């Protein structure tokens, strides 16, 4: 008996060693991780006063800027690869790498005139051939997740006619292609990227070449991404960006991220703060909060391919059953403004139509409209992404207010993938979501309301609306365009084709010891756009 | 946490019917066990009587993230909802999830464990499957399945039970193994009892005490698993479990700036799991004559 | 065949079967559950033909057995595939993450055992006494804690208020040489403590009850009768016998623990593989998911195999067992 026990115990003794082996293997592997490079001479020179640490909740997925992935990818790659145009605080396009842009008189040729003082960090000049290469690569290869290719349907080919001029050959006049390529596309170095046969397979994971103020020098996956200063950078004071290093640090949990900012482990929180935390952070000494104007909007669409939402009265009834003011006041903590139920919000001042009004929250009117439409016991499902905390927060408010009008809404919060799949398949009654950046009214309306539009989540196919948008698309006359856009927006509002609820102003937080941030609209540009980071300094 | 279950393996096999009375007697005289049992009963009551205690937490108020006060004992969340209401109703959902998941896992685990012990030929294969399942990274697999199958209470229950049964099977198997070769089992077989009859009438009662404790412990672990999945956004967004309260607190960044959004649901989880574990310990102590003598 | 070789062969075979099981389970889970990888990589402007192209490219159009066969062949060649979203080999993606998870769980295990043994002994030798009750309560509470809540609490008190520890991450930038190792250790303290707290509770409880039992066994009674000091009886005879079954359980649960660090890694912004799995689930990055499960399983299997073999080499009795 006892010898048997002894043998069995002996067997089990191995497990103790096993535990130790796991520990040892872990320690050895971690120590072997390529994280301890030899001390570099320039590392000693960098003191905290010229290093900016930026916190983000999403990890970098892919450093190839032609592939679309996480927001952090954009922030990092934007510091290395310039765009042709940028957006000012009032939503209008401004020069960046391009100094002039526009169309020939017949509208069949678009052009960009470029600055001549941009250089890649390996010494090569950045010229029009890089720009033409990038445009043509996107057009021919349609890289995954790239948003620019969606605007290129009328584009033939881009040609570098001189080192500082690119011309775009168009199949027919198209007013959106130049501004959209200008803003959405990041220019990549042809001499590096053209070595790749298939752009989708290029991870751009090492030996980066930058034409921005900073250049990636080292990465620790899942944790931090370090960029070093690049000189000269023509848009920095005296050609020298003010920071020696920019470090992006990943904090998957926003609570930890906020603690890190409060402690001083990081200098900036780049992602938009949860609305409920803005007040607390504003009151924290040593921390400043900057309001970043929103460029997008949050909306609900009613699937017009399904009965009874094909009936305008039902859609109007649904729109009257939403308590817009409370949603903005509570769920978004007052950090949002009304969109007047118009797809052209006040963010685009030159196009917005001030006469459009938001639907009132009026359950009685809603009931009356439903009765008029002959619909009773309306039961609908609403889908939204659980990864969107603000919509998740107000979804139950929509449900409750609709209940007051006798409408039952079944909430279907789902993870992002299922949500996308359902959205693409049009499998929903009500869709709730956000449109992050709306920079060109015509192209956005084309995407949303043309029958084959990529984000036509209302499933609308209305000849009158289609005609208005197509006319606006094919004219390059500003005044005419504006009038057509406003007519279309009015049509959307009146017929409740898209329930645009609010424009959310985003808030980002930073340590008060820093000064000189330039605020640009949208989470994409925010306060960590290259123009801002090349110029900030400690107080 | 699952290590507690292993405690049961070393239990001697007694004569169940006569032992039950003695066990209950010993249990009653253990203050720790009684307090835990009382706590558990209170939690069950709160879950059952939720509608009588507070209104279902819904809608919103403008009293956002208010700290605890006489009006809102546990404070309010980022939509101004009463956290006490959420915790009280969460008791109901969390305990339901725990109980259902545990019931499923235990049913399956007991079946596999008993079959393995009773049919030596199947034992090698079943034992291997159980051992292999135990070496899988459970939480990531749960996340994967929950994400792919879509978040709902049903999914959560199935997922948790799907990854909890091997533990139960292992414990039941080793307990059953110590019984199958006892004389009365042999006698039953010699007398020509059908397998099903023997399994039900003789083997099941022999492992019953183990099952009792297993249900309680598996349920409490299921509650923690549910909280973990919900915290990662894989929970059911339309029912109030303790995990969902924590998830909303996390999403709104309130975990430290509004500590009450984290503290109360976490404390509820702690209370439930502590109570369940203490009951299990006290029950074990009560059943084990040796520790009873001390 | 010499017994040692036979033993080694059996161990390796057992390890391989375990690995194959883990691979097959994950493969099936990923294919049979709803969810379409093309959705995850598809952008809104992607049309049907492009989707089809992508599916073909990643071999997702073929029948299940063929996909499975091809996957196994690839694995044998050491090829884990290419990440959907990161355009990099899965092995590159994961090997950057795995060491941190091993460091975190490994150190948590060591801490658990190092603190758990004295606590368990104290409790068992004072069974039913006040010390025993305290240890039991601490153990029960420890294993009942919800890690994220504890984590954020520790970060708030020890990180923000007292400034003893950094908030999140595995190490700082611009730290090299010896300082780098210290820096890693400094960042490890809090996540390791949270993870250890949970496993410590259950470890102490089980060690306590096994030790109580073992101290009542004949060989301990005999030792006492022979006049052996109680200290020696407890530490040498009792503990040695109690330690083994309890540590067996820790070993069995390696997979559970390695995978269970997702929540800890999330709260502490620790760049481990659990977090990578979570992110891949959100992006439905099938190759990374598959690779991660294979790697985690392989780690557990390898650790078990190495120790078993080492043990077999040292102790002839094991080989015949």
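Residue numbers (the working numbering), protein chains in the order written: chain A, 1 to 539; chain B, 1001 to 1294; chain C, 2001 to 2321.
Even for Gly, the Cβ is constructed at its ideal location relative to N, Cα and C.
Here the structure is a predicted model, which is why all the values come from computation and not from measurement.
| Check | Outcome |
| --- | --- |
| Could you name the residues that DSSP lists as bridge partners for residue 504 of chain A? | A/336 |
| Considering only their Cβ atoms, is the gap separating residue 505 of chain A from residue 294 of chain A smaller than 8 Å? | yes |
| If you follow the alpha helix (DSSP H) that residue 1273 of chain B is in, where does it begin and where does it stop? | 1260-1287 |
| Is residue 2182 of chain C close to chain A? Criterion is C-beta to C-beta, closer than 8 Å. | no |
| Would a C-beta distance cut-off of 8 Å place residue 1033 of chain B and residue 1279 of chain B closer than the cut-off? | yes |
| Could you please give the first and the last residue of the uninterrupted beta strand (DSSP E) stretch that includes residue 165 of chain A? | 165-170 |
| Compute the Euclidean distance between the alpha carbons of residue 37 of chain A and residue 2176 of chain C, then round it to the nearest angstrom. | No answer about residue 37 of chain A holds up, because its pLDDT of 49 lies below 50 and its placement is not dependable. |
| Taking CB distances under 8 Å as the criterion, tell me whether residue 1181 of chain B reaches chain A. | no |
| Does any C-beta atom of chain C lie closer than 8 Å to the C-beta of residue 1230 of chain B? | no |
| Identify the residues that DSSP records as bridge partners of residue 162 of chain A: which are they? | A/165 |
| Can you find at least 3 beta carbon pairs, one from the segment 385-398 of chain A and one from the segment 441-449 of chain A, that sit closer than 8 Å? | no |
| Which value, in whole angstroms, describes the spacing of the CA atoms of residue 1088 of chain B and residue 1054 of chain B? | 8 Å |
| State buried or exposed for residue 208 of chain A, treating a residue as buried only when at least 16 other CB atoms are found within 10 Å of its CB. | buried |
| Which stretch, first to last residue, makes up the alpha helix (DSSP H) that contains residue 80 of chain A? | It is not in any alpha helix (DSSP H) - residue 80 of chain A carries neither H nor E in the DSSP assignment. |
| Within 8 Å (strictly less), CB to CB, does residue 2274 of chain C reach chain B? | yes |
| Looking at residue 274 of chain A and residue 1253 of chain B, is the spacing between their C-beta atoms short of 8 Å? | yes |
| May I ask you to list the residues that DSSP assigns as paired with residue 215 of chain A? | A/228 |
| Cβ of residue 1255 of chain B less than 8 Å from any chain A Cβ? | yes |
| Please classify residue 1190 of chain B as buried or exposed, where buried requires at least 16 other C-beta atoms within 10 Å of its C-beta. | exposed |
| What residues from chain A crowd round residue 2266 of chain C, counting only those whose CB sits closer than 7 Å? | 252 and 253 |
| Between which two residues does the beta strand (DSSP E) carrying residue 113 of chain A extend? | 109-114 |
| Go through the segment 246-279 of chain A residue by residue and report every complete run of the alpha helix (DSSP H) that reaches 4 residues or more, in order. | 254-263 |
| So, for residue 113 of chain A: in the same chain, excluding its five sequence neighbours on each side, which residues have a beta-carbon less than 8 Å away from its beta-carbon? | 98, 99, 100, 101, 164 and 165 |
| What residue from B/1123, B/1149 and B/1142 has the CA that sits closest to residue 1170 of chain B's CA? | B/1123 |
| With residue 1102 of chain B and residue 1212 of chain B assumed to form a contact (beta carbons below 8 Å), what rounded beta-carbon distance in angstroms separates them? | Not a contact, Cβ separation roughly 11 Å. |
| Per DSSP, what are the beta-bridge partners of residue 538 of chain A in this structure? | A/514 |
| Would you check if the distance between the CB atom of residue 501 of chain A and the CB atom of residue 321 of chain A is smaller than 8 Å? | no |
| Closer than 8 Å, Cβ to Cβ, to anything on chain C: give me those residues from the segment 1068-1095 of chain B, in chain order. | none |
| Going by the beta-carbon positions, is the gap between residue 1090 of chain B and residue 1242 of chain B smaller than 8 Å? | yes |
| Does any CB atom of chain A fall closer than 8 Å to the CB of residue 2163 of chain C? | yes |
| Work out the CA separation of residue 250 of chain A and residue 2270 of chain C for me, nearest whole Å. | 9 Å |
| Counting only C-beta atoms, is residue 2271 of chain C closer than 8 Å to chain A at any point? | yes |
| Taking beta-carbon pairs under 7 Å, can you tell me which members of the segment 2116-2131 of chain C lie near chain B? | 2127 and 2128 |
| Sorted by chain position, which residues of the same chain lie with C-beta nearer than 7 Å to residue 2122 of chain C's C-beta, five sequence neighbours on each side aside? | 2131 and 2135 |
| So, do the segment 1186-1204 of chain B and the segment 1131-1141 of chain B have three or more beta carbon pairs nearer to each other than 8 Å? | no |
| Please return the same chain residues whose Cβ sits closer than 7 Å to the Cβ of residue 2111 of chain C, not counting the five positions on each side in sequence. | 2192 and 2196 |
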